[in-house]
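Since the structure comes first, as structure tokens, the remarks are kept for the end.
Chains as they are written, first to last, in this note's numbering: chain A, 11 to 311; chain B, 878 to 1147.
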């Protein structure tokens, strides 16, 4: 006898699969199509502030008005090109800084004996649970011209004049490295803990110094982890808004900030949409690469 | 230079310092009587008093807690469904699509997610008259969407490691799939569910960018209020707020540890 009030075996499974899929289609994928559509419309003083792309002229006849003017405007104005380039450059440098800080941490965690290993892992993840906004804010007090870092360095006598770090690109690199560090350490740790230790012993037996072993065995074998961690930092860093807004200067032109200003200050939704579409095109490549890396890792695990 | 002895541990220690020193500074200076960071004006709790007298911050905090609770709960249900589908349902034709859609929100720049959701809500509003303006509902929907991606990642990992013999035994004894799910699967992945809900809650509580795009007039969340204050410079009551949040997280972490250790001991003594 079939129980009453409960979905049938197969149908129940169908629902479980389709509800999250449809949800993400509606709230994640379709919105990009809406952005693409609005990037082709014209700005207007109205609510919402753009002209419709498709208009019903008479019953059954639609007039489609596509406006590539926004894209032409972005391509022709050197300000946009400069800020796309700056975003990629800043994201690349920050990713490198994060990798340099994160690799030794992941290495030490992976080589630690068990109780300490879990503790260190939790210590890496824990800051991720506290407010990102407030942790970025903490850096203002440290990096200010009359802030903590400068007063310590002046006191010790390492510098004779305060360093200007806040409102420069250096502050943005530090801010990005600081907030995205767990994203770098975790995949590196996963790669390092899977490393076959006997290979290191073999290379040591054959006379390699630890440094040589590191560069010829450990580093090449953990490359997938390095790429995965780097992409997890690089992709979101390109569109970062909060960090350049709080730590960067007025001349730090990151594309996330440009989009924010087009939307909130200029209220030009079509231009903001076009900026977003071009940014999306920039990150699609790295995103697919990351997807492939993660799929491969799952198969290997 | 010995690689394993010195270079790696020293640089790792510097890395951990890099992570924790700013947090430590926030906590210390929340008790500073002086408004200046470089001057220690003596121990004081005045910024905490000021914080609790600020109606703007209190209202925003209440709103943020409400949104975070609702969106984390929604994200948990959706994320568990997505994780079950990805790990268990080989027959599902949309698997590749779902895999991509679960992974992408994790790295998607927030400005893009925020703008695209806002434009979707405006389009839906014009088309269907729903969600009728922007505010709490639209923020909850937006946060549930990116929260579910994080939930799905955590729960997926746990489902993969899970021992399935109990489930199979229950099935063999004639239990219906739904009964198996609620009496065996859910209890055995419970710690992951708690962690996932808390993470979705924290991410919602912390989000500035997406909420700014999809919120309407009169619904300012806590990060929005904090951001507008912080932009004008250092304000010590924000240090106090940060310290309170850090205390809560540290407490949660300690409870989590205790639970993990207890369950580990229980397992080894059995």
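Even glycine gets a Cβ: it sits at the ideal position worked out from N, Cα and C.
Hey, how far is the Cα of residue i from the Cα of residue j?
{"i": "residue 997 of chain B", "j": "residue 276 of chain A", "result": "20 Å"}
{"i": "residue 1086 of chain B", "j": "residue 938 of chain B", "result": "17 Å"}
{"i": "residue 234 of chain A", "j": "residue 133 of chain A", "result": "24 Å"}
{"i": "residue 18 of chain A", "j": "residue 24 of chain A", "result": "In this predicted model, residue 18 of chain A has a pLDDT of only 43, less than 50, meaning its place in the structure is not dependable; the value taken from the coordinates is given anyway. Rounded to whole angstroms, residue 18 of chain A to residue 24 of chain A spans 10 Å at the Cα level."}
{"i": "residue 122 of chain A", "j": "residue 964 of chain B", "result": "31 Å"}
{"i": "residue 1100 of chain B", "j": "residue 141 of chain A", "result": "9 Å"}
{"i": "residue 1078 of chain B", "j": "residue 170 of chain A", "result": "46 Å"}
{"i": "residue 156 of chain A", "j": "residue 172 of chain A", "result": "7 Å"}
{"i": "residue 240 of chain A", "j": "residue 1051 of chain B", "result": "48 Å"}
{"i": "residue 1129 of chain B", "j": "residue 1068 of chain B", "result": "13 Å"}
{"i": "residue 961 of chain B", "j": "residue 30 of chain A", "result": "10 Å"}
{"i": "residue 298 of chain A", "j": "residue 952 of chain B", "result": "25 Å"}
{"i": "residue 928 of chain B", "j": "residue 110 of chain A", "result": "38 Å"}
{"i": "residue 199 of chain A", "j": "residue 1113 of chain B", "result": "37 Å"}
{"i": "residue 302 of chain A", "j": "residue 1034 of chain B", "result": "18 Å"}
{"i": "residue 187 of chain A", "j": "residue 246 of chain A", "result": "12 Å"}
{"i": "residue 15 of chain A", "j": "residue 967 of chain B", "result": "Note that residue 15 of chain A scores 42 on pLDDT, short of 50, meaning its location in the model is unreliable; the coordinates nonetheless yield the value given after this. Going by the C-alpha atoms only, they are around 27 Å apart."}
{"i": "residue 949 of chain B", "j": "residue 214 of chain A", "result": "50 Å"}
{"i": "residue 1041 of chain B", "j": "residue 1107 of chain B", "result": "50 Å"}
{"i": "residue 1061 of chain B", "j": "residue 980 of chain B", "result": "27 Å"}
Quick check on the burial criterion: 16 or more other C-beta atoms within 10 angstroms. Buried or exposed for residue i?
{"i": "residue 41 of chain A", "result": "buried"}
{"i": "residue 38 of chain A", "result": "buried"}
{"i": "residue 1025 of chain B", "result": "buried"}
{"i": "residue 113 of chain A", "result": "buried"}
{"i": "residue 254 of chain A", "result": "buried"}
{"i": "residue 12 of chain A", "result": "With a pLDDT of 42 at residue 12 of chain A, under the threshold of 50, the modelled position of this residue cannot be trusted, and the question is left open."}
{"i": "residue 165 of chain A", "result": "exposed"}
{"i": "residue 82 of chain A", "result": "exposed"}
{"i": "residue 1059 of chain B", "result": "exposed"}
{"i": "residue 144 of chain A", "result": "buried"}
{"i": "residue 289 of chain A", "result": "buried"}
{"i": "residue 876 of chain B", "result": "Residue 876 of chain B is absent from the structure shown; chain B starts at 878 and stops at 1147."}
{"i": "residue 973 of chain B", "result": "exposed"}
{"i": "residue 151 of chain A", "result": "buried"}
{"i": "residue 896 of chain B", "result": "buried"}
{"i": "residue 221 of chain A", "result": "exposed"}
Locate the alpha helix (DSSP H) running through residue i, then write down its first and last residues.
{"i": "residue 894 of chain B", "result": "885–906"}
{"i": "residue 160 of chain A", "result": "158–166"}
{"i": "residue 185 of chain A", "result": "179–203"}
{"i": "residue 939 of chain B", "result": "932–965"}
{"i": "residue 49 of chain A", "result": "40–49"}
{"i": "residue 1044 of chain B", "result": "1042–1049"}
{"i": "residue 114 of chain A", "result": "88–121"}
{"i": "residue 133 of chain A", "result": "124–139"}
{"i": "residue 1082 of chain B", "result": "1067–1083"}
{"i": "residue 244 of chain A", "result": "233–248"}
{"i": "residue 917 of chain B", "result": "It is not in any alpha helix (DSSP H) - residue 917 of chain B carries neither H nor E in the DSSP assignment."}
{"i": "residue 151 of chain A", "result": "142–153"}
{"i": "residue 1160 of chain B", "result": "No answer is possible for residue 1160 of chain B: the residues shown for chain B start at 878 and end at 1147."}
{"i": "residue 212 of chain A", "result": "207–215"}
{"i": "residue 1034 of chain B", "result": "1013–1038"}
Taking only beta-carbon positions, decide if residue i is within less than 7 Å of chain B.
{"i": "residue 147 of chain A", "result": "yes"}
{"i": "residue 95 of chain A", "result": "no"}
{"i": "residue 170 of chain A", "result": "no"}
{"i": "residue 27 of chain A", "result": "yes"}
{"i": "residue 312 of chain A", "result": "Since the first residue of chain A shown is 11 and the last is 311, residue 312 of chain A is not available in this structure."}
{"i": "residue 313 of chain A", "result": "This structure cannot speak to residue 313 of chain A, because chain A is shown only from 11 to 311."}
{"i": "residue 253 of chain A", "result": "no"}
{"i": "residue 31 of chain A", "result": "yes"}
{"i": "residue 42 of chain A", "result": "yes"}
{"i": "residue 264 of chain A", "result": "no"}
{"i": "residue 269 of chain A", "result": "yes"}
{"i": "residue 257 of chain A", "result": "no"}
{"i": "residue 165 of chain A", "result": "no"}
{"i": "residue 45 of chain A", "result": "yes"}
{"i": "residue 34 of chain A", "result": "yes"}
Are the C-beta of residue i and some C-beta of chain A separated by less than 7 Å?
{"i": "residue 1126 of chain B", "result": "yes"}
{"i": "residue 1068 of chain B", "result": "no"}
{"i": "residue 932 of chain B", "result": "no"}
{"i": "residue 1015 of chain B", "result": "no"}
{"i": "residue 1040 of chain B", "result": "no"}
Residues of chain E with CB under 7 Å from residue i, in chain order?
{"i": "residue 1104 of chain B", "result": "Here chain E cannot be found, since the structure's protein chains are A and B."}
Cβ of residue i within 6 Å of any heavy atom in the ligand FMN?
{"i": "residue 1078 of chain B", "result": "With respect to small molecules bound, the structure shown includes none, and the ligand FMN cannot be examined in it."}
(Q) Please identify, using Cβ separations under 8 Å, the residues of the region 284–304 of chain A that lie next to chain B, in order along the chain. (A) 286, 289, 290, 293, 297, 300, 301 and 304
Q) Residues in the region 131–161 of chain A with C-beta within 8 Å of chain B's C-beta atoms, listed in sequence order? A) 132, 133, 134, 136, 137, 139, 140, 141, 142, 143, 144, 145, 147, 148, 149, 150, 151, 152, 154, 156, 157, 158 and 161
Q.
So if I threshold CB-CB distances at 7 Å, which residues from the region 211–240 of chain A count as touching chain B?
A. 220, 221 and 224
Q: Could you list the residues in the region 181–196 of chain A with a C-beta less than 9 Å from some C-beta on chain B, going in chain order?
A: 184, 187, 188, 191, 192, 193 and 195
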